[in-house]
Each structure stands twice: as structure tokens, then as C-alpha cells.
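K.L.:
For reference, the structure I am asking about is given below.
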């Protein structure tokens, strides 16, 4: 029977059922790859060795620190030793092996993929920590203007205009300096006390700070070896791209904008930034190994002491809990942070200097055992899961003005996804996480007439189920997709945008997706499931997650989609369906050219049995835009 083959895994240190999840192999590796014995780490030292098969019974958790680690959804298992085929690509990208040919265009452009769900291998982080030349270079940068400037600096499109403004500002500065000498003023600020010079001095200083701040940014990026050429203060395409690399390297979803979060990172010690990356990598591996998802977001954990590891926030506030919503009743506290901190202290990863000393031995050890805080009572099997998607404030009115520009307004309640669990301990149901997500809106689509227009894409409400969990899913574009969204321009012409179609981290469905299906009960026979094309899935479009907009699907940051998928596989009964074949040929024309792509796979599937119930709440629906929409 199919049910006899279901994989049931629950977290409970000391129980044999939990041992299967932890000792069958660190998440992402096959059973045969687990060492027979592993080192036990406490306070940064190896205290003893233990048989891997006995670690769980002793209250220990196995952590895989090797460079071929991949999260639980990519793991192989007995009878399915191949696992998801994208696992090899995931590991290669994590090790900085970005590939070649058409499929490598996006990875070679992005280069740093942690923000897109693929954390770097520890070998790369060790090299960053040990790069003393880079650290000394960053230390020597004059950050005075960067510390002084405020607001968000956006790149200028016209470099010639920037040069003209810079020259004009330099001439103004020379004139004001002459006036300072003539009047005997000690400084330009003192000269500004004279009403005749107040406005020109303020204008000069404001412009100079902006150009000097960009020069400081460029100096830092030169130290990072991502920017060639002089630090000229011109904020244009090359500098914006190099700054985007820096942002992706340090988990900053800012897309080339010099905002407050980016300035704070540039002003931080480079060793500290590299250490935070080490802690983020450790966090994902610890959460995966201990089968945790509770991050404090459901408890409204947004204050300075919440969601931290060793007193550090590891990502910016907009990627943490939704500060506009209060705590949910019986919400789970942050468990991932304390578990990660316990692992960091056990492994001796307590500071940039300590991590630099500890990493070589840890990477040689590969798989290690550490003691983490005990699992919460609701992790007692059998665990029952359900999800709720609150659509928040829904505006269905046409959002474009007569000039074709989109109107903007403040949304009080953005869409969120909440996961609930009830454990076998008989305790209350717990809200485990509450993450920002997206709902449908006005999107471009090919209409029945063949023209390209905008159509409101709905996120249907009501009861649904998650029955299918797909890893590395491919997106098979429907016929209504505008052709310009299926291509990208390269120096030698237009090509099909294979990255968006996937499989891959930049796929429209990200690295993991759950299919929202409507369950229809029948009087006789098993239920049938209707797929309306709506998914909960990862995404590299982190800007759209911040805005809450999609074509109807509920998007998550890729690393959170992986956490969600891994948690469900650790605690919910499931069967591996394996690789899903596809017979789909995409053919279309664009600018007089014919394009074709044939799909043979559409991902690696796990079948959840029983399905996880999902309720999509209607939210607050408004048929017209609020007054004051801009």
C-alpha cells in the first residue's frame, strides 16, 4: 500500500523516530555519506567522539558543515538515491561554481546568491574572513561623508549630467572658498552665518556630501574588487551594479539603492559582515538539522532583542516579522535564534576572530555533533499542521491614472502567511511563523483579442489544501503570457529567458512550491483536487514581496520557502513521487523572430498525505482607491 511507504519524521531528541531524520544523514546528504563517528563540540573544543547512530539518543544534533550541504528538500533517501536533480546545481552555485553557457547568464550576473536562497559554502566564507588585504583596504576608507548623508541616494541615468553638476559644484566651492578667505571666516559653515552666503553654502555642502559619499562607496567597492576605475563620485550603471553585488553578498534587498541599510553595512567592519554571513549559514543548517521553523515572527518579534544570534540581527528589519501586526495568541517564540546561538557557542564561532581560527578544523571535521536546546512540546509526534493566508488590504480598483502612471497609497495590512501546529502533547495549537507574502493584482496579460493589456489577477479565497510539494519547479508559461516577458536581450540579440522558466533559483516559482488545490469530496470514491494555478512558492523578486503583489500566487523569500518545505517534510507524512516528467513545447514569436523551448521535467515532487489544510482569508476588500492615492 502507498501509505506503508510514507516517510514520517518528527523532531524529538532521544526518540528513534527523530533519529531517522537526523542520523539517516545530515539534511541534504545520503545515508552512506554519514561518518560512522563524529566529534562532539562544546565551547569551541572537541570533547569526545560519538557514534552517529547514537547521537540523537544522547540529546545531540548532527550538523553538516561540509561544502556539499543542501537543505532537506534536496535530500536523497533509501530507494530514491538520486534525489532532486537540481541538488548538484545548488551545491555548485553555493561553492561559487557559476557554470558557463546560456544557463549561467543569471548566476554570473548575480554572483552572490544568498539573497536568492543559496547560502555560500563555508569554504568561501573562510576565504573572505582570511582576506586581510581587503579588510585593511576597507578600514582605510574615509567614511565621513557616508556617515553624514541622509535619505536614499538613487543612481542617475545621465552620466554627462552628473559630470556637469559635479563641475558646477566644484566651481561653486572654489568661489565660496575665495569669499571665505576674503571675509576672514574660519570655515564655510561660519561663512554661511552671513545671509548673503547661507543658501549657496548649504547647496554646495549638500551636493559635495552626496558626491563624496558616492566616492566612499566606490572606494569600498574597489576594496571588494568589484569595481574598477577611479572613485569619481558618479553614481551610474557600473557603480550601481557593483553595489548590487555587495548587497546580494550581505543579504540586503535594496537593488542598487544607497539606502540606510546599505550605508550601515558599508560603514560596518568587513570582518563583522563576513562573520554575520557565517552565522546565517549556520542558522540555515541548524534550523534544517533540528527541523525548526519558529523564528518569532508569529509572536511579533521585532524589537532589538528578538530574532538575534549573539546579539546580532542577521538580516534587515523588512525581512523579519511584520511590525504592523501584533503577536498572535499562543504564538511560538523564536527557536531558531537560540538554537543557532547554542550551535555557534559549541563550535567556537563567537566572533570574527574566533570564527577565523575555528573554521579550518570544523571544515576538516565535516559532520559534528552539538547539544541544542530541547525541542518544544508541540514537536511531539504526531504533529498536525495547517496554514492560513490573510490577503490583508485588497484594492481591486483600476490603479492607473490618465497619464498611465501607477497610483500609490499606504496599505495598512499587507498579506501574510501563518503556519499553525498542534503537537501530540495535547497542548494548544501554536502559530509557528507569520511571513510576508503576496496576492494578485493588476498584471500585464495577453487578452483574447491578442492585444497586451492589464487584467486583475485574483487570489481565490476559501479552503484549500497543500497536497503537492515540488522542489526546483519549472514554470510552464501559459498562452496568456506576453511574449516580451519570455525573452531577454543579450549583446547578440534576443533569447528565451530560461532563468525565469527554470528549474533554478531564479525560476518564477523559486526553489520550492506548494500547490494550492481545492478539495472536492465525492459520495463514493476518493476526493478529487482542482488546481486553479495558485501556488505558495519562493521567489527572487524580493521587491514584489515587499509590495505584496503577484499574478495571484503567494510568494515567499526563497530561503523561507526552503525552510517551510524542509519543516513540512520533517514533521508531516509524505511520499516521494520523484521527478515529474513534462511534455510541453513553448512556441511564440517576438519582434518577427520565432522561439521555441521544450520542457521534459517540471520538478521533483513530494506527495503530502494527508494534505495540509489551508484557509485563504478574504482580507479587507476595497472596490475603490483610498482618498489621497498619489
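Residue numbers (the numbering used here): -17 to 612. Backbone N, C-alpha and C fix where the C-beta goes; we use that ideal spot for every residue, glycine too. Since this is a predicted model, take the numbers as computed values, not measurements.
1) Among 147, 576, 219 and 468, which residue has its Cα nearest to the Cα of residue 239?
2) In terms of residues, what are the limits of the beta strand (DSSP E) holding residue 223?
3) Measure the C-alpha to C-alpha separation of residue 596 and residue 447 and round it to an integer number of angstroms.
4) Mapping DSSP to helix, strand and coil, what is residue 345?
5) Is the number of C-beta pairs between the region 512 to 531 and the region 548 to 555 that are closer than 8 Å three or more?
6) With a cut-off of 8 Å on the beta carbons, I'd call residue 491 and residue 449 a contact; round off their distance for me.
7) Among the residues of its own chain, which have a CB less than 7 Å from the CB of residue 417, if the five just before and after it don't count?
8) With DSSP collapsed to three states, give me the class of residue 250.
9) Can you give me the Cβ contacts of residue 401 inside the same chain, cut-off strictly under 6 Å, excluding the 5 residues immediately before and after it?
10) Who are the near neighbours of residue 533 in its chain, counting only those whose CB is closer than 7 Å to its CB and skipping five residues on each side?
11) My guess is that residue 375 and residue 352 are in contact by the Cβ rule of under 8 Å, so how many angstroms apart are they, rounded?
12) Confirm, please, whether the CB-CB distance from residue 454 to residue 68 is below 8 Å.
13) Take every Cβ of the region 257 to 264, pair it with every Cβ of the region 291 to 300, and state whether three or more of those distances are shorter than 8 Å.
14) By the 10 Å Cβ neighbour count, where 16 or more other Cβ atoms means buried, how is residue 385 classified, buried or exposed?
15) In angstroms with no decimal places, state the Cα-to-Cα distance between residue 608 and residue 387.
16) For residue 233, count neighbouring Cβ atoms within 10 angstroms of its own Cβ and tell me buried if that reaches 16, exposed if not.
17) Rounded to whole angstroms, how far is the Cβ of residue 186 from the Cβ of residue 225, which I believe are closer than 8 Å?
18) Would you check if the distance between the CB atom of residue 324 and the CB atom of residue 281 is smaller than 8 Å?
19) According to DSSP, is residue 328 helix, strand or coil?
20) Restricting to runs no shorter than 3 residues, where is the beta strand (DSSP E) found entirely within the region 443 to 525?
21) Consult DSSP for residue 275 and reduce its assignment to one of helix, strand or coil.
22) Given residue 183, which residues of its chain have a CB within under 8 Å of its CB, disregarding the five upstream and five downstream residues?
23) Looking at the unbroken alpha helix (DSSP H) that takes in residue 382, where does it start and where does it end?
24) Measuring straight from C-alpha to C-alpha, what distance separates residue 467 and residue 479?
25) Let me know the secondary structure DSSP gives residue 237 once reduced to three states.
26) I need the straight-line Cα distance from residue 37 to residue 28, nearest angstrom please.
27) Compute the beta-carbon to beta-carbon distance between residue 211 and residue 196, rounded to the nearest angstrom, for a pair I have assumed lies under 8 Å.
28) Look at the Cβ atom of residue 94, then the Cβ atom of residue 231, and state whether they are nearer than 8 Å.
29) Taking the beta carbon of residue 472 as the centre, do at least 16 other beta carbons fall within 10 Å, making it buried, or is it exposed?
30) Cβ atoms of residue 241 and residue 163: under 8 Å apart, would you say?
31) Measuring CB to CB, does residue 355 end up less than 8 Å from residue 321?
32) Return the CA-CA distance between residue 263 and residue 308, expressed in angstroms with no decimal places.
33) If you count every other CB in all the chains shown that lies within 10 Å of the CB of residue 346, and 16 or more means buried, which is it?
34) Could you give the uninterrupted runs of the beta strand (DSSP E) lying entirely in the region 555 to 589, keeping only those of 3 residues or more?
35) On the CB-based measure, 16 or more other CB atoms within 10 Å of its CB, does residue 221 come out buried or exposed?
36) Is residue 395 helix, strand or coil when you go by DSSP?
P.N.:
Short version:
1) As a working note, residue 239 is residue 257 in the chain shown. With distances taken between Cα atoms, residue 239 lies closest to 219.
2) The residue given as residue 223 occupies position 241 in the chain shown. From DSSP, residue 223 is part of no beta strand (DSSP E) but of the alpha helix (DSSP H) over 219 to 231.
3) Residue mapping note: residue 596 aligns to position 614 of the chain shown, counting from 1. Residue mapping note: residue 447 aligns to position 465 of the chain shown, counting from 1. Computed Cα separation, rounded: 5 Å.
4) Counting from one through the chain shown, the residue named residue 345 turns up at place 363. Residue 345 falls in the helix class under three-state DSSP.
5) no
6) In the chain shown, counting from the first residue as 1, residue 491 sits at position 509. In the chain shown, counting from the first residue as 1, residue 449 sits at position 467. Incorrect: roughly 16 Å between the Cβ atoms, too far for contact.
7) For the purposes of this step, residue 417 is taken as residue 435 along the chain shown, with counting starting at 1. Around residue 417: 279, 398, 399, 538 and 542.
8) By one-based count along the chain shown, residue 250 stands at place 268. Residue state, collapsed to three classes: coil.
9) Within the chain shown, numbered from 1, the residue matching residue 401 stands at position 419. Within the same chain, residue 401 has close Cβ partners 369, 414 and 415.
10) Within the chain shown, the letter at position 551 stands for residue 533. Here the set comprises 422, 425 and 439.
11) Here residue 375 refers to the residue found at position 393 when the chain shown is read from its first residue. Here residue 352 refers to the residue found at position 370 when the chain shown is read from its first residue. That belief does not hold up - the Cβ atoms of residue 375 and residue 352 are roughly 44 Å apart, past 8 Å.
12) Counting from 1 along the chain shown, the entry for residue 68 is found at position 86. Counting from 1 along the chain shown, the entry for residue 454 is found at position 472. Yes, they are a contact pair.
13) yes
14) Sequence index remark: in the chain shown, residue 385 carries index 403 (1-based). Flag for residue 385 reads exposed.
15) Numbered from 1 along the chain shown, position 626 holds the residue referred to as residue 608. Numbered from 1 along the chain shown, position 405 holds the residue referred to as residue 387. So the alpha carbons of these two residues sit roughly 17 Å apart.
16) Taking the chain shown and counting its residues from 1, the one referred to as residue 233 is at position 251. The residue in question, residue 233, is buried, as its Cβ has 16 or more Cβ neighbours within 10 Å.
17) As a position in the chain shown, residue 186 is number 204, starting the count at 1. As a position in the chain shown, residue 225 is number 243, starting the count at 1. Not confirmed; about 25 Å, so no contact.
18) Along the chain shown, one-based indexing puts residue 324 at 342. Along the chain shown, one-based indexing puts residue 281 at 299. Cβ distance not < 8 Å, so residue 324 and residue 281 don't count as in contact.
19) In the chain shown, counting from the first residue as 1, residue 328 sits at position 346. Here residue 328 sits in helix by DSSP.
20) 444 to 453, 469 to 472, 475 to 478, 494 to 502 and 510 to 521
21) In the chain shown, residue 275 corresponds to position 293, counting from 1. If DSSP states are grouped into helix, strand and coil, residue 275 belongs with coil.
22) Here residue 183 refers to the residue found at position 201 of the chain shown. Closer than 8 Å at the Cβ level, and outside the excluded window around residue 183, lie 158, 170, 171, 173 and 174.
23) Taking the first residue of the chain shown as 1, we reach residue 382 at position 400. Careful: residue 382 lies outside any alpha helix (DSSP H) and carries neither H nor E.
24) For the purposes of this step, residue 467 is taken as residue 485 along the chain shown, with counting starting at 1. For the purposes of this step, residue 479 is taken as residue 497 along the chain shown, with counting starting at 1. Computed Cα separation, rounded: 8 Å.
25) On the chain shown, residue 237 is found 255 positions in, with the first residue counted as 1. Residue state, collapsed to three classes: coil.
26) Position 55 of the chain shown, counting from 1, holds the residue named residue 37. Position 46 of the chain shown, counting from 1, holds the residue named residue 28. Roughly 15 Å between the two C-alpha positions.
27) Counted from its first residue, the chain shown places residue 211 at position 229. Counted from its first residue, the chain shown places residue 196 at position 214. 13 Å between Cβ atoms; not a contact.
28) One-based indexing of the chain shown puts residue 94 at position 112. One-based indexing of the chain shown puts residue 231 at position 249. Closer than 8 Å, so yes.
29) Here residue 472 corresponds to residue number 490 of the chain shown, with the count starting at 1. Residue 472 should be labelled exposed.
30) If you number the chain shown from 1, residue 163 lands on position 181. If you number the chain shown from 1, residue 241 lands on position 259. No, Cβ-Cβ distance for residue 163 and residue 241 is not below 8 Å.
31) Within the chain shown, residue 355 is the residue found at index 373, counting from 1. Within the chain shown, residue 321 is the residue found at index 339, counting from 1. Yes.
32) Along the chain shown, read from residue 1 onward, the residue named residue 263 stands at position 281. Along the chain shown, read from residue 1 onward, the residue named residue 308 stands at position 326. So the two alpha carbons sit approximately 29 Å from each other.
33) Here residue 346 refers to the residue found at position 364 of the chain shown. So residue 346 counts as exposed.
34) 556 to 572
35) Counted from its first residue, the chain shown places residue 221 at position 239. Flag for residue 221 reads buried.
36) In the chain shown, residue 395 corresponds to position 413, counting from 1. Three-state result, residue 395: coil.
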